[in-house]
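Colleague:
Number of protein chains: 2
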Amino acid sequence: MEFQNWRHVFKVDPAKPMTDEVLEQICESGTDAIIVGGTDNVTIDNVLDLLVRIRRFTVPVVLEISNLESVTPGFDYYFIPTVLNSSNTTWVKDLHHQAIKEYGDIMMWDELFAEGYCILNADCKAAKVTEANTELDAEDVVAYARMAENLFNLPIFYLEYSGIYGNPNIVKDVQAVLENTRLFYGGGISNAEQAKEMAQSANTVVIGNIIYEDLKAALSTVKAVKEL
Amino acid sequence: MEFQNWRHVFKVDPAKPMTDEVLEQICESGTDAIIVGGTDNVTIDNVLDLLVRIRRFTVPVVLEISNLESVTPGFDYYFIPTVLNSSNTTWVKDLHHQAIKEYGDIMMWDELFAEGYCILNADCKAAKVTEANTELDAEDVVAYARMAENLFNLPIFYLEYSGIYGNPNIVKDVQAVLENTRLFYGGGISNAEQAKEMAQSANTVVIGNIIYEDLKAALSTVKAVKEL
Chain A
0 MEFQNWRHVF KVDPAKPMTD EVLEQICESG TDAIIVGGTD NVTIDNVLDL LVRIRRFTVP
60 VVLEISNLES VTPGFDYYFI PTVLNSSNTT WVKDLHHQAI KEYGDIMMWD ELFAEGYCIL
120 NADCKAAKVT EANTELDAED VVAYARMAEN LFNLPIFYLE YSGIYGNPNI VKDVQAVLEN
180 TRLFYGGGIS NAEQAKEMAQ SANTVVIGNI IYEDLKAALS TVKAVKEL
Chain B
0 MEFQNWRHVF KVDPAKPMTD EVLEQICESG TDAIIVGGTD NVTIDNVLDL LVRIRRFTVP
60 VVLEISNLES VTPGFDYYFI PTVLNSSNTT WVKDLHHQAI KEYGDIMMWD ELFAEGYCIL
120 NADCKAAKVT EANTELDAED VVAYARMAEN LFNLPIFYLE YSGIYGNPNI VKDVQAVLEN
180 TRLFYGGGIS NAEQAKEMAQ SANTVVIGNI IYEDLKAALS TVKAVKEL
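For the record, the sequence lines run as chains A and B. Under numbering that gives the first Met the number 0, think of the first position of the first sequence as 0, with each following residue one higher. Under numbering that gives the first Met the number 0, think of the first position of the second sequence as 0, with each following residue one higher.
1) Among B:GLU226, B:ASN179, B:ALA198, which residue has its Cα nearest to the Cα of B:ILE169?
2) Could you list the residues in the segment 139-161 of chain B with a C-beta less than 8 Å from some C-beta on chain A, going in chain order?
3) In the structure shown, what three-state DSSP assignment does A:CYS123 receive?
4) Can you tell me the Cβ-Cβ gap for B:PHE156 and B:TYR76, rounded? I've got them flagged as a contact below 8 Å.
5) Tell me whether A:THR220 is buried or exposed, calling it buried when 16 or more other Cβ atoms sit within 10 Å of its Cβ.
6) Looking at the C-beta of B:ILE169, does it have a partner C-beta in chain A at a distance below 7 Å?
7) Listed from N- to C-terminal order along the chain, which residues in the segment 97-110 of chain B have their beta-carbon within a distance smaller than 7 Å of any beta-carbon of chain A?
8) Could you check whether A:VAL173 and A:ARG6 sit closer than 7 Å to each other, using their CB atoms as the reference points?
9) Give me the Cα-Cα distance between A:GLY36 and A:PHE112, rounded to the nearest whole angstrom.
10) Could you pull the DSSP bridge partners for A:ILE155 from this structure?
11) Identify, in the order they occur along the chain, each residue of the same chain with its Cβ nearer than 7 Å to the Cβ of B:LYS195, setting aside the five sequence neighbours on each side.
12) Could you name the residues of the segment 110-136 of chain A whose beta carbon sits closer than 8 Å to any beta carbon of chain B, in the order they occur along the chain?
13) A:GLY73: buried (16+ other C-beta within 10 angstroms of its C-beta) or exposed?
14) Assign A:PHE56 to one of three DSSP states: helix, strand, or coil.
15) Within the same chain, show all residues whose beta-carbon is closer than 6 Å to that of A:ALA137, passing over the 5 residues directly before and after it, in chain order.
16) Hey, quick one: how far does the beta strand (DSSP E) through B:VAL82 stretch, first residue to last?
17) Counting pairs of beta carbons, one from the segment 139-147 of chain A and one from the segment 88-101 of chain A, are three or more of them closer than 8 Å?
18) Can you list, in chain order, the residues of its chain whose CB lies under 6 Å from that of B:LEU50, leaving out five sequence neighbours each side?
19) Pull out every residue of the segment 71-87 of chain A whose Cβ sits closer than 9 Å to any Cβ of chain B, in chain order.
20) Excluding the 5 residues flanking A:SER65 on each side, which residues of the same chain have their C-beta closer than 7 Å to its C-beta?
21) Leaving out five residues on either side along the sequence, give the residues of the same chain with a beta carbon under 7 Å from the beta carbon of B:LEU47.
22) Assuming A:LEU158 and A:LEU182 make a contact with CB atoms under 8 Å, what is their CB distance in whole Å?
23) Are the CB atoms of A:ALA217 and A:ILE210 within a distance shorter than 7 Å?
24) Report the option in A:GLY187, A:ALA125, A:PHE151 whose CA atom is closest to the CA atom of A:TYR164.
25) Am I right that B:GLY207 and B:LYS10 are in contact with their C-beta atoms under 8 Å? What's the rounded C-beta distance?
26) List, in chain order, every chain B residue whose beta-carbon is nearer than 8 Å to that of A:HIS95.
27) Can you find a C-beta in chain A that's less than 7 Å from the C-beta of B:VAL91?
28) Looking at the structure shown, is A:VAL70 part of a helix, part of a strand, or coil, going by DSSP?
29) Once DSSP output is grouped into helix, strand and coil, what is the label at A:ILE188?
30) Report buried or exposed for B:MET107, applying the criterion of at least 16 other Cβ atoms within 10 angstroms of its Cβ.
31) In terms of residues, what are the limits of the alpha helix (DSSP H) holding A:ALA175?
32) Given this structure, state the Cα-to-Cα distance separating A:GLN193 from A:CYS123, to the nearest angstrom.
33) Apply the 10 Å Cβ neighbour rule to B:ARG145 and answer buried if 16 or more other Cβ atoms are within range, or exposed otherwise.
34) Check whether the Cβ atoms of B:ALA121 and B:THR129 sit closer than 7 Å, and answer yes or no.
35) Flag this pair as yes or no: are the beta carbons of B:VAL61 and B:PHE78 separated by less than 7 Å?
36) Pick from A:TYR184, A:LEU67, A:ALA125, A:PRO80: whose alpha carbon is nearest that of A:ASN166?
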C-alpha cells in the first residue's frame with residue numbers, strides 16, 4: 000500500500016478555517032499526504048469542502064473517520080481509529096461494528112485501514128472522549144504496539160501525544176518491536192528539529208496544530224523529514 | 000497455516016476428568032486436532048496433565064488460552080480469544096495487553112493466533128463472564144464477522160453457541176462474507192447429522208460437551224464431517 004512509504008503527512012482539521020493560499024502551500028509542500036481529521040464539529044459539509052479544495056492538487060488525501068455522518072466517497076484511503084488504550088468498548092470496536100452493520104455491503108475494504116491508537120496525553124480532548132488510560136509506562140506502550148501488530152494485525156500503530164511533544168525514547172522502543180505494522184507519530188511537533196527527531200524512529204510523522212499557529216515552521220518540517 | 004485446513008476438532012476441558020481409554024479414542028478418531036480449553040478451573044496442573052497424555056498420539060494439539068496461569072510451552076499452537084461482542088474491554092484486549100506486557104519478549108508469535116469470538120448463548124458461562132451482548136440478529140453477527148476479517152485481520156472467527164445448537168442460517172450468512180478468516184462453529188452438536196449440517200457452512204466444526212455425554216455420538220461426527 001502506498002501509505003507504507005509515507006514519511007511525512009499533514010493533518011488538517013475540517014472544523015478549522017483555512018484559506019486557499021495556506022491550503023495550497025500545504026498541498027504543494029512535498030508532503031506525502033494530507034489526512035483530513037479532527038475530534039469536534041467534523042461534519043459532512045466541512046469534510047466535503049476540504050476534500051474538493053484538496054483535490055485540485057495531486058497529493059494523496061485520506062479521511063480519518065471521526066464520526067459516521069461525515070463519511071463521503073472521494074478520498075484515496077479511509078483510516079479507522081481503534082483506541083487500544085480506551086477503557087470503553089465504544090472506541091475499540093462498537094462504533095466500528097455499527098458502521099459495518101449499516102454500510103458493510105457497500106464498503107470498499109481495500110481502501111479502509113485500521114489505525115491502532117495509543118493516546119498518551121491525558122489532557123487532550125481525544126483522551127477524555129475515548130476514556131483512554133494514559134497512565135502508561137514505556138513497557139505498556141510497547142505491549143500495545145505488539146498487540147497491534149501480532150494480535151490484531153493492524154497496518155498502523157499511531158502514537159498520539161495530541162498537543163504535547165512526546166518522548167522520543169518511547170517512539171524508539173516501539174519501533175524496535177514493529178515489523179509489518181507502520182508507526183505513526185503525532186503530537187506537538189512545532190519545528191524542523193522535532194520533526195527530524197521523531198522521524199528517526201517513526202515511519203510517518205504527522206504534523207497538525209502547528210499548521211494553524213506557524214505555517215512557516217510547519218512547512219519546514221517537510222524538508223527536515225525528507226532529508227533524513 | 001495447518002489449522003486453515005482443519006474441518007473437525009475436538010475440544011477437551013482440562014477441568015473435566017477423562018480416562019486414558021476415552022482420550023485415546025478421541026485422539027485416534029481421525030479428527031484434525033485437539034483443542035485444550037475451558038472456562039472454569041483451568042490450571043497449569045490439569046493443562047499439563049492433558050498435554051502429556053495427548054502427546055502420546057500424533058494429532059496436533061492447541062491450547063486455547065483461558066488464563067495466564069495455565070499457559071505452558073509444548074503445544075503446536077496457542078489460540079487467544081478476543082470477545083468481539085463483549086461490553087468490557089477486559090475480554091477484548093486488556094488481558095491480552097497484560098500478557099504481552101509480561102511475556103512479550105519470549106512469545107512465539109508464529110504459534111499464536113487470535114480468535115474473534117462471537118458468543119450467542121446468553122445463558123452460558125462464557126457469555127456471563129465476558130459480559131457479552133448476545134442480543135444479536137443475523138446482521139449483527141455478520142457485521143462482527145466482517146470486523147474480524149477486515150478491521151482486525153483475525154485468522155479465526157469463532158461462532159460460539161456454547162451448549163445450545165445454533166442457527167445454521169446464521170452460520171451460512173457469516174461464511175458468505177468471509178474470505179481469508181476461517182469460520183469455526185462450536186455449540187450443541189450432539190450427533191453426526193448436526194455436525195454435517197454445520198460443517199456445510201463452517202470451515203471447522205468444534206465438538207465439545209458431547210464427548211463427555213455420549214462418546215459414541217461424539218466419535219461419529221468425525222466421519223460425518225470428513226465425508227462432506
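Note that beta-carbon positions come from the ideal geometry of N, C-alpha and C, so glycine has one too. Small disclaimer: the values here were computed from a predicted structure and weren't measured.
Modeller: Taking the coordinates as given:
1) B:ALA198
2) ASP139, VAL141, ALA142, TYR143, ARG145, MET146, ASN149, LEU150, PHE151, ASN152, LEU153
3) coil
4) Going by Cβ atoms, the distance from B:PHE156 to B:TYR76 rounds to 16 Å, so no, they are not a contact pair.
5) buried
6) no
7) ILE99, LYS100, GLY103, TRP108
8) no
9) 14 Å
10) A:GLU114, A:ARG181
11) ALA223, VAL224, LEU227
12) LEU111, ALA113
13) exposed
14) coil
15) ILE169, ASP172
16) 76-82
17) no
18) GLY73
19) ILE79, THR81, LEU83, ASN84, SER85, SER86, ASN87
20) GLY36, GLY37, THR38, VAL41
21) THR71
22) 7 Å
23) yes
24) A:GLY187
25) 4 Å
26) MET146, LEU150
27) yes
28) coil
29) coil
30) exposed
31) 167-176
32) 20 Å
33) buried
34) no
35) yes
36) A:TYR184
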